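Protein chains in written order, with full-length UniProt numbering: chain V, 1 to 201; chain E, 1 to 201.
Below: the structure, in structure tokens.
Protein chains: 2
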Amino acid sequence: MARTGRRPGNQDTRQAILSAARQAFAERGYDGASIRQIATSAGVDPALVHHYFGAKDKLFLATMEAPIDPGEVIPKIFEAGLDGVGERLVRTFLGVWDSPAGSSAAALFRSALQHEWSARMLREFLVTQVLRRAIGHLQLDPAEAPRRAALVASQMAGIVMVRYILKVEPMASMSQEELVHSIAPTIQRYLSEPLYSPAPD
Amino acid sequence: MARTGRRPGNQDTRQAILSAARQAFAERGYDGASIRQIATSAGVDPALVHHYFGAKDKLFLATMEAPIDPGEVIPKIFEAGLDGVGERLVRTFLGVWDSPAGSSAAALFRSALQHEWSARMLREFLVTQVLRRAIGHLQLDPAEAPRRAALVASQMAGIVMVRYILKVEPMASMSQEELVHSIAPTIQRYLSEPLYSPAPD
């Protein structure tokens, strides 16, 4: 469960809020869900939701039982801009996934795929907590940014699948350095080079 | 279920063979499992396994309920060699996954992740039926080939995850042409260019 730095509070109340939040996020998506609705459906005051979980993004992290807070990791990768972003992204990503938090993340990824609603939660998490934050740090053409972010996500999700979930060799045991050198140029290209191959003369 | 072109035969016997085969492949892997052991454990003659399912790779496909036979698709992509392989791979891959067979494949992919044994089956399938066949068609340095294949697999598995399973926009609705142009250079680089960035002078 994501650490919020707040005291645990009444467990039944917390669970009621989490359960209402999970349903709200799955049904209405992250943007469509509101703290007010979640509080109403849990039978508590909205102030109590804020008190236990903080802002909506923290509540969403707690609902997902996310072992990592993208709000902490993503600025380190993207704040410095496009120069070298591929290498920073792959290196940071592997650092997190090769850590104990990575095992929790892999379990989350696996179980999220079992139901339509939990897959939707994972999609919402990826889009609103990861991709949207990342794009926010980069100076990209707004017409291209979501496509570039999705291409990056496809390469990184594939590493999760092949290295951490299916554990296909040799990728499961390749060193971080080896993977950084191999994959960083892909990410760099998806983010900073023209997406279309020029037509031959 | 993979079509073998053979008559269905006795359903109980077929199911007994499939069940024994599933266990054998999950426990011993594709290479470690033998038709003879599978027949013994199903209580039938090995000739009957051949009669119903054909060779071991076809039995494995049937066990996986694979909607696509990699033995038919892969030569079309790789037989012509490295020149243009990135484009042929992405185009063929999207053609298959955007077809009705793709929905079955996505369901298979999802359910395979739910258990350790079924994830192992999917890994075995990927390694022995897809990557090994693909490598077999290309003239690659044997010391690098498995790593190159795993890198390609990571990009393609990520497309499965983002486009077909999580259905993240805009990737879920990007045209095949757009994806071919964006992703083919990645595949081409993983297969045909030096994997390491040269150190600067």
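Where is the CB? At the ideal position from N, CA and C, for every residue including glycine.
Values in this document were obtained by computation on a predicted structure and should not be read as measured data.
Problem - Cβ contact (3+ pairs, closer than 8 Å) linking the stretch 85-105 of chain V and the stretch 150-166 of chain V - result: yes
Problem - Contiguous alpha helix (DSSP H) assignments of at least 4 residues, all confined to the stretch 82-155 of chain V - result: 85-97, 100-112, 116-124 and 132-137
Practice task
Could you say if the stretch 70-77 of chain V and the stretch 144-153 of chain V meet the contact criterion of at least three C-beta pairs nearer than 8 Å?
Solution key: no
Practice task
Give a yes or no on whether 8 Å exceeds the smallest Cβ distance from Ile-165(V) to chain E.
Solution key: yes
Practice task
Using the Cα positions of Ser-192(E) and Glu-124(E), report the straight-line distance between them to the nearest angstrom.
Solution key: 25 Å
Exercise for the section: Starting from His-51(V), find everything on chain E with Cβ-Cβ shorter than 8 Å and list it in chain order. Expected result: Those within 8 Å of His-51(V) in chain E number zero; the least Cβ separation is about 33 Å.
Exercise for the section: Answer yes or no: does any C-beta atom of chain V fall closer than 8 Å to that of Val-96(E)? Expected result: no
Handout entry: Residue-chain proximity (Ala-105(V), chain E), Cβ-Cβ < 8 Å
Key = no
Problem - DSSP state of Ala-33(V) mapped onto helix, strand, coil - result: coil
Practice task
Just tell me which of Ala-149(E), Pro-170(E), Thr-40(E) and Ala-55(E) has its CA closest to the CA of Val-130(E).
Solution key: Ala-149(E)
Problem - For Asp-45(V), the nearest candidate out of Ala-16(V), Phe-25(V) and Glu-65(V) (CA to CA) - result: Ala-16(V)
Practice task
Express the C-alpha separation of Gly-136(V) and Asp-83(V) in angstroms, rounding to a whole number.
Solution key: 16 Å
Exercise for the section: Could you work out which residue in Arg-147(E), Tyr-164(E) and Arg-88(E) is closest to Val-127(E) when comparing CA atoms only? Expected result: Arg-147(E)
Problem - Residues of the stretch 159-188 of chain V whose Cβ lies closer than 9 Å to any Cβ of chain E, in chain order - result: Ile-159, Val-160, Met-161, Val-162, Arg-163, Ile-165, Leu-166, Lys-167, Val-168, Glu-169, Pro-170, Met-171, Ala-172, Met-174, Glu-178, Leu-179, His-181, Ser-182, Ile-183, Ala-184, Pro-185 and Thr-186
Handout entry: Interface residues of the stretch 61-84 of chain V facing chain E [CB-CB below 7 Å]
Key = none
Practice task
Answer yes or no: does any C-beta atom of chain E fall closer than 8 Å to that of Pro-146(V)?
Solution key: yes
Exercise for the section: Look up Val-44(E) in the DSSP assignment and say whether it is helix, strand or coil. Expected result: coil
Practice task
Following the continuous alpha helix (DSSP H) through Ser-182(E), name the residue where it begins and the one where it ends.
Solution key: 176-192
Practice task
For Gln-114(E), decide whether its Cβ has a neighbour in chain V, counting only Cβ atoms nearer than 8 Å.
Solution key: yes
Practice task
For chain V, find out if any of its Cβ atoms is closer than 8 Å to the Cβ of Ser-154(E); answer yes or no.
Solution key: yes
Practice task
Give the secondary structure of Pro-67(V) by DSSP, where H, G and I count as helix, E and B as strand, and everything else as coil.
Solution key: coil
Problem - Residues near Arg-14(V) by beta carbon distance below 6 Å, same chain, minus five either side - result: Tyr-52
Exercise for the section: Please state if the CB of Gln-11(V) and the CB of Gln-114(E) are separated by a distance shorter than 8 Å. Expected result: no
Practice task
Kindly indicate which residue of Asp-98(E), Gln-188(E), His-50(E) and Thr-186(E) has the alpha-carbon position closest to the one of Lys-167(E).
Solution key: Asp-98(E)
Practice task
List the residues of chain E that Leu-191(V) touches, going by C-beta distances under 9 Å, in chain order.
Solution key: In chain order: nothing, as chain E lies at least about 12 Å away.
Problem - Outcome for Ser-103(E) when other beta-carbon atoms lying within 10 angstroms are tallied against a minimum of 16 - result: exposed
Handout entry: Same chain, Cβ closer than 8 Å to Thr-63(E), five either side skipped, listed in chain order
Key = Leu-18, Ala-21, Arg-22, Phe-25 and Met-121
Problem - Under 7 Å by beta carbon: chain E residues contacting Ala-157(V) - result: Gly-158, Met-161 and Val-162
Problem - Spatial neighbours of Ala-106(V) in its chain, beta-carbon cut-off 6 Å, leaving aside the 5 residues before and after - result: Tyr-164 and Ile-165
Problem - Closer than 7 Å: Val-73(V) CB and nearest the ligand GDP heavy atom - result: As presented, the structure is devoid of all ligands, the ligand GDP included, so that no description of it is given.
Problem - Alpha carbon of Asp-57(V) to alpha carbon of His-50(V), nearest angstrom - result: 11 Å
Practice task
Within its chain, find whatever has a CB closer than 6 Å to the CB of Gly-29(V); leave out the 5 residues flanking it on each side and keep chain order.
Solution key: Glu-124
Handout entry: Nonlocal neighbours in the same chain, by C-beta distance under 7 Å from Arg-189(V), ignoring five residues either side
Key = none
Exercise for the section: Could you check if Ile-77(E) is buried or exposed, using at least 16 other CB atoms within 10 Å of its CB as the buried criterion? Expected result: buried
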